[in-house]
Amino acid sequence: MGDNHNLLAEQRRALILDEVRRRGGVRVNELTRKLNVSDMTVRRDLDALAHQGVVEKVHGGAVPVAEASTHEPGFEAKSGMEQGAKEAIARAAAGLVTAGSAIALTGGTTTYAVAHQLLDVPDLTVVTNSVRVADVFHSGQRRAGGRGPRPGAATVVLTGGVRTPSDSLVGPVADQAIRSLHFDLLFLGVHGLSVEAGLTTPNLAEAETNRQFVRSARRVVVVADHTKWGTVGLSSFASLEEVATLVTDAGIPQVLRAEISEHVAEVVVAGEPESGADG
Numbered sequence: 001m002g003d004n005h006n007l008l009a010e011q012r013r014a015l016i017l018d019e020v021r022r023r024g025g026v027r028v029n030e031l032t033r034k035l036n037v038s039d040m041t042v043r044r045d046l047d048a049l050a051h052q053g054v055v056e057k058v059h060g061g062a063v064p065v066a067e068a069s070t071h072e073p074g075f076e077a078k079s080g081m082e083q084g085a086k087e088a089i090a091r092a093a094a095g096l097v098t099a100g101s102a103i104a105l106t107g108g109t110t111t112y113a114v115a116h117q118l119l120d121v122p123d124l125t126v127v128t129n130s131v132r133v134a135d136v137f138h139s140g141q142r143r144a145g146g147r148g149p150r151p152g153a154a155t156v157v158l159t160g161g162v163r164t165p166s167d168s169l170v171g172p173v174a175d176q177a178i179r180s181l182h183f184d185l186l187f188l189g190v191h192g193l194s195v196e197a198g199l200t201t202p203n204l205a206e207a208e209t210n211r212q213f214v215r216s217a218r219r220v221v222v223v224a225d226h227t228k229w230g231t232v233g234l235s236s237f238a239s240l241e242e243v244a245t246l247v248t249d250a251g252i253p254q255v256l257r258a259e260i261s262e263h264v265a266e267v268v269v270a271g272e273p274e275s276g277a278d279g
């Protein structure tokens, strides 16, 4: 009995750690619902994980331990999650971009995948608060062996701001820069989304910066794989009604697609023919 209890605790803690790394933070009340265990059990699990040095406890929940190095393991860990889905979503999202347009990309591993797919679209102006996304364009533009940017290379505007664990720049400096700009298309990564809470993130400063991005965009495109559905971060920054297009993957159940379609104008299911997208 004792062994079984320990096994369950280990499994639970592995699941909690996975959630923390994937989403950049979790709340105790969320975990009690998700895992169907008591508040005290979750707190004990978080204590154990904090003792192992893999999470840091914060008021009401936990966040990943920030490494001293500039390479944040959370990003690499998240890059491996749902990789096939992210690639499919990125290809479908890139198809929405026309040459010569002004676009914006927020931070996150899915928008990072989108950036790779946009390297061949000529004459883009790209606004981003993601150090990683800016690096993709910087490296991609010089790939042809020349010393300067290749013809048609994107003009990249990287906002200032304070760096988060997921390598996004947030805070008043980022908000001020974004507020003064206008773009045709915004590709928005999210920690979670639901019909009730809309688009959410556990990071309050990031929520405010994302809010500014949404205000400055003519058209908002959310890129999110099916695992993000039903996940609710600490802070909401937009409702589903503010989203023009959702690009997701085939892992999303038909019944959920119908529900989402009531709130979002266009739902693109990557990896499926257009006719199958609305079930």
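Each residue of the sequence shown is one higher than the one before, counting from 1 in UniProt numbering. Backbone N, C-alpha and C define an ideal beta-carbon position, used for all residues, glycine too.
- For the 9 angstroms CB-CB criterion, T111 and V131 do not form a contact.
- Counting the other Cβ atoms within 10 Å of the Cβ of A90 gives 16 or more, which makes it buried.
- Distance from the CA of H138 to the CA of T155, rounded to the nearest whole angstrom, comes to 9 angstroms.
- Counted as a single uninterrupted DSSP element, the beta strand (DSSP E) harbouring E56 occupies residues 55–58.
- With 16 or more other Cβ atoms from the protein chains shown falling within 10 Å of its own Cβ, T159 counts as buried.
- Around the beta-carbon of L8, fewer than 16 other beta-carbon atoms lie within 10 Å, marking it exposed.
- In this structure H263 does not touch D249 by the C-beta definition: roughly 19 angstroms separates them, more than the 8 angstroms allowed.
- Straight-line spacing of the CA atoms in S168 and L119 works out to 20 angstroms.
- Per DSSP, A217 is not a residue of any alpha helix (DSSP H); the beta strand (DSSP E) it occupies stretches across 217–223.
- Around the beta carbon of P172, a 10 Å sphere encloses fewer than 16 other beta carbons of the protein chains shown; the residue is thus reported as exposed.
- Counted as a single uninterrupted DSSP element, the beta strand (DSSP E) harbouring D184 occupies residues 183–189.
- For S216, the closest of G192, E208, L181 by C-alpha to C-alpha distance is L181.
- D249: member of the beta strand (DSSP E) spanning 245–249, first to last residue.
- Here R13 has D45, A48, L49 as same chain residues with Cβ atoms under 8 angstroms from its own Cβ, once five neighbours each way along the sequence are excluded.
- If only complete runs of 4 or more residues are kept, the UniProt domain "HTH deoR-type" (9–64) shows the alpha helix (DSSP H) at 28–35, 39–52, in order along the chain.
- One alpha carbon belongs to V55, the other to P202, and they sit about 15 angstroms apart.
- Under DSSP, V269 forms a beta bridge with T248.
- Annotation for T109: the continuous alpha helix (DSSP H) segment containing it runs 109–117.
- A distance below 8 angstroms between beta-carbons, with the five flanking residues on each side excluded, links L124 to the following residues of its chain, in chain order: V97, A99, G100, S101, A102, I103, L118, A154, T155.
- Under DSSP, I103 takes part in a beta bridge, and its partners are V126, L185.
- Spanning the alpha carbons of D184 and L246 requires a straight line of approximately 16 angstroms.
- In the three-state DSSP reduction, T227 falls in the helix class (H, G or I).
- In terms of CA proximity to H191, V223 leads the group A177, I178, F213, V223.
- Counting along the chain, A238 sits inside the beta strand (DSSP E) bounded by residues 235–238.
- Annotation: E87 to A115 spans about 11 angstroms, alpha carbon to alpha carbon.
- Comparing alpha carbon positions, the residue from R21, R23, I16 closest to R33 is I16.
- Distances from the alpha-carbon of R257 to those of W229, A62, V121, L186 put W229 closest.
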